[in-house]
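Numbering (our numbering), first residue to last: 400 to 948.
Glycine included, C-beta positions come from ideal geometry on N, C-alpha and C.
Nothing here was measured: the structure is a model prediction, and the numbers come from that model.
Report on the following structure.
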């Protein structure tokens with residue numbers, strides 16, 4: 400009874416602690432991707448469909464949009480309300496990771512692995528991010544755990560086994576529906592299942608060694624033949640093309656195969672550089688869960704590093720398995736130190752070498768050195784500092800400070816009310832904070848429109864905002880609308896632009912418009928113009944959208 404109470408208390412503690420951490424800073428400014436679901440959730444409550452604008456529909460990740468809509472209905476239309484479901488999903492993932500590690504590797508591995516995961520800056524950010532990554536991570540992890548349980552199952556005639564298998568398929572399919580990167584994780588899971596199944600058969604089968612060697616050789620030959628067939632039929636080429644395909648905004652990172660390595664080194668310099676050694680210790684200590692985590696994370700890390708689009712969000716589904724390796728590996732070192740009686744041996748040597756130390760003091764110093772060294776390996780990582788600054792709303796390079804759209808509204812409001820047209824370089828924030836974005840100038844968004852429906856001023860099917868790609872189209876807008884406002888984030892302007900800079904657009908705006916001063920902390924730039932009616936060339940204005948105000 401006492402043991403059950405202690406185990407239950409541990410789950411409540413880590414779950415409640417995670418919840419308190421994640422809800423502590425839900426007010427921070429949004430990333431533009433979050434607003435797809437926020438705007439679509441508003442539309443769902445108003446129209447019954449995930450609508451943005453009059454004809455825009457955002458169907459991607461619809462289950463999450465529906466959940467966000469219910470949260471807005473319950474708690475009011477606000478970013479914190481929209482972020483609450485992600486908090487719940489992330490707490491569930493932390494608890495599930497803790498329970499799995501405790502069952503498979505012991506309480507120490509559970510506290511280390513799930514504890515480090517819970518306070519990771521990558522996890523905190525996703526817990527407060529209105530997107531499907533938290534839900535994807537939870538469903539993918541739960542699905543793989545069910546498969547893990549099935550690998551040792553021999554009584555397949557029992558209905559409960561088929562129920563688990565069906566639930567695993569449903570969860571993994573749902574994770575794929577939310578985000579296609581789950582397919583990479585499923586491939587890694589398949590590699591582990593094949594390897595674990597083969598090793599189990601080799602261990603328990605009574606067939607002669609020669610036959611086992613023939614089976615292994617045959618499987619290797621079959622795998623090579625399958626790869627050859629896929630290469631000959633173009634399947635591998637298509638897979639590679641799909642893996643490398645990306646939107647324009649992702650191109651700066653496309654060839655940075657070290658992208659994820661760089662982030663791990665930045666935030667976890669000791670744990671990441673020791674990953675090989677910790678994995679070896681973990682495999683010795685708890686072979687099956689360690690191999691499970693190693694293969695899924697390893698395959699995910701390699702393939703995501705080779706992929707074109709890169710973001711820490713895209714590899715989030717694989718993050719729990721990395722922390723599993725760290726938790727099991729660190730726990731194995733502690734276990735080894737205890738069984739080897741390392742503190743006692745160190746105490747003996749200290750007592751012999753330093754005559755000033757009594758036996759009691761030597762014991763204290765020895766334990767401090769051993770467990771202090773392990774604590775240093777963990778605490779020397781600046782991830783905890785990034786987590787604190789993230790919760791405090793402090794930006795740390797290489798990240799950029801958030802754009803404060805709401806702070807610019809008082810200055811922009813007269814033009815938002817009176818301009819004939821409002822052109823923006825990113826439409827989601829203006830739609831959310833201002834309720835207006837008439838035309839979008841964004842080459843990346845423009846080329847995301849399917850080719851058969853892509854032409855200047857074609858509406859984006861997600862937001863219903865007409866889209867243009869270049870300065871020539873913008874010049875038509877300036878010529879054809881008597882007054883206008885153009886709003887762009889500073890990060891897209893000038894030689895230090897993060898990405899998507901267009902010098903021709905900059906030159907046109909500087910030549911044809913007037914800069915509207917905005918508070919510097921907004922990190923926004925605004926330009927206004929008025930065009931005399933007699934200078935408007937009617938022929939150039941055909942096909943431009945009619946702005947109803």
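Limits of the alpha helix (DSSP H) - the one that residue i falls within
i: residue 524; result: 520-526
i: residue 719; result: 718-738
i: residue 832; result: 827-832
i: residue 563; result: 558-577
i: residue 532; result: 532-549
i: residue 508; result: 506-517
i: residue 670; result: 668-672
i: residue 703; result: 686-705
i: residue 783; result: 782-791
Beta-carbon gap between residue i and residue j smaller than 7 Å
i: residue 820; j: residue 946; result: yes
i: residue 671; j: residue 711; result: no
i: residue 789; j: residue 422; result: no
i: residue 719; j: residue 540; result: yes
i: residue 610; j: residue 574; result: no
i: residue 699; j: residue 596; result: no
i: residue 774; j: residue 724; result: no
i: residue 776; j: residue 669; result: yes
i: residue 823; j: residue 811; result: no
i: residue 709; j: residue 667; result: no
i: residue 680; j: residue 731; result: yes
i: residue 512; j: residue 715; result: no
i: residue 656; j: residue 704; result: yes
i: residue 917; j: residue 818; result: no
i: residue 504; j: residue 727; result: yes
DSSP state of residue i mapped onto helix, strand, coil
i: residue 875; result: helix
i: residue 820; result: strand
i: residue 808; result: helix
i: residue 606; result: coil
i: residue 753; result: Since pLDDT at residue 753 reaches only 49, below the 50 mark, its modelled position is unreliable, and the value read off the structure follows with that caveat. Of the three classes helix, strand and coil, the one that applies to residue 753 here is coil, per DSSP.
i: residue 455; result: strand
i: residue 477; result: coil
i: residue 897; result: coil
i: residue 466; result: helix
i: residue 436; result: helix
i: residue 770; result: helix
i: residue 939; result: helix
i: residue 675; result: helix
i: residue 483; result: helix
i: residue 651; result: helix
i: residue 713; result: coil
i: residue 656; result: coil
i: residue 779; result: coil
Range of the contiguous beta strand (DSSP E) that encloses residue i
i: residue 888; result: 882-888
i: residue 391; result: Past the boundaries of the shown model lies residue 391; the chain is included only from 400 to 948, so the question cannot be answered.
For residue i: DSSP bridge partner residues
i: residue 924; result: 887
i: residue 632; result: Its beta-bridge partners do not exist; DSSP assigns none.
i: residue 857; result: 866
i: residue 929; result: 882
i: residue 848; result: None, per the DSSP bridge assignment.
i: residue 838; result: 822
i: residue 450; result: 456
Residue-chain proximity (residue i, chain B), Cβ-Cβ < 7 Å
i: residue 787; result: As a matter of chain content, chain B is missing from the structure shown, which is built from one protein chain.
Touch check for the segment 429-445 and the segment 474-487: three-plus C-beta pairs under 8 Å?
As far as the Cβ criterion goes, the segment 429-445 touches the segment 474-487, which means the pair count is three or higher.
The segment 638-658 / the segment 836-844 touching (three or more Cβ pairs under 8 Å):
Yes: at least three Cβ pairs fall under 8 Å.
Sufficient close CB pairs (3 or more, under 8 Å) joining the segment 500-511 to the segment 455-465
These segments do not touch.
Should the segment 851-863 be regarded as contacting the segment 788-806, the criterion being three or more beta carbon pairs within less than 8 Å?
Flag = no, the segment 851-863 and the segment 788-806 do not touch.
Should the segment 874-889 be called in touch with the segment 913-926, which here means at least 3 C-beta pairs below 8 Å?
Taking 8 Å as the limit for Cβ pairs, the verdict is that the segment 913-926 does touch the segment 874-889.
The segment 537-545 contacting the segment 507-519, beta-carbon criterion three pairs below 8 Å:
No, the segment 537-545 does not touch the segment 507-519.
Does the segment 409-425 come close enough to the segment 482-492 to have 3 or more Cβ pairs within less than 8 Å?
Contact between the segment 409-425 and the segment 482-492 is present, because at least three Cβ pairs lie under 8 Å.
If we count Cβ pairs, one from each stretch, closer than 8 Å, do we get three or more for the segment 867-881 versus the segment 461-468?
With the cut-off at 8 Å, the segment 867-881 and the segment 461-468 do not touch.
Below 8 Å, how does it come out for the segment 827-836 and the segment 800-808: are there three or more Cβ pairs, yes or no?
Three or more beta-carbon pairs separated by less than 8 Å link the segment 827-836 to the segment 800-808, which places the two stretches in contact.
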